[in-house]
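K.L.:
A single structure is presented below for examination.
Residue numbers (UniProt numbering): 1 to 113.
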């Protein structure tokens, strides 16, 4: 992948949110954070690599489970401070550590207005 866009890592102490979406279905799969190093690693490898805020280290999603996220397309928002990765999930397709396809599984009840 060729990096032609300057990402603004300054706003959130060196991190930007990275939204992961299934390239085929459009389903939102997860949200993670990237720093400049993990962003460069993602572009270089073609697989989404995050910065783990809890472990304070690089984390290629699916590296141990086999459910790696192969980047099909990457884009940024209008402020260049958030990323969207459209991916193909390798392995059994379970992205969440809870064993589900998507990390977004807990519905929030909303009051009708």
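Positions of the beta carbon are idealized from the N, C-alpha and C atoms, including for glycine.
Can you list the alpha helix (DSSP H) stretches of 4 or more residues lying completely in the UniProt domain "Phosphoribosyl-AMP cyclohydrolase" (30–105), in chain order?
P.N.:
Qualifying alpha helix (DSSP H) stretches, in chain order: 36–45.
K.L.:
Buried or exposed: where does residue 30 fall if 16 or more other Cβ atoms within 10 Å of its Cβ makes it buried?
P.N.:
The residue in question, residue 30, is buried, as its Cβ has 16 or more Cβ neighbours within 10 Å.
K.L.:
Which term fits residue 77, buried or exposed, when burial requires 16 or more other beta carbons within 10 angstroms of its beta carbon?
P.N.:
Label assigned to residue 77: exposed.
K.L.:
Give the DSSP bridge partners of residue 5, in chain order.
P.N.:
Its beta-bridge partners do not exist; DSSP assigns none.
K.L.:
Taking contact to mean 3 or more Cβ pairs, one atom from each stretch, closer than 8 Å, check whether the region 33–51 and the region 103–111 are in contact.
P.N.:
Because the criterion of three Cβ pairs below 8 Å is not met, the region 33–51 and the region 103–111 do not touch.
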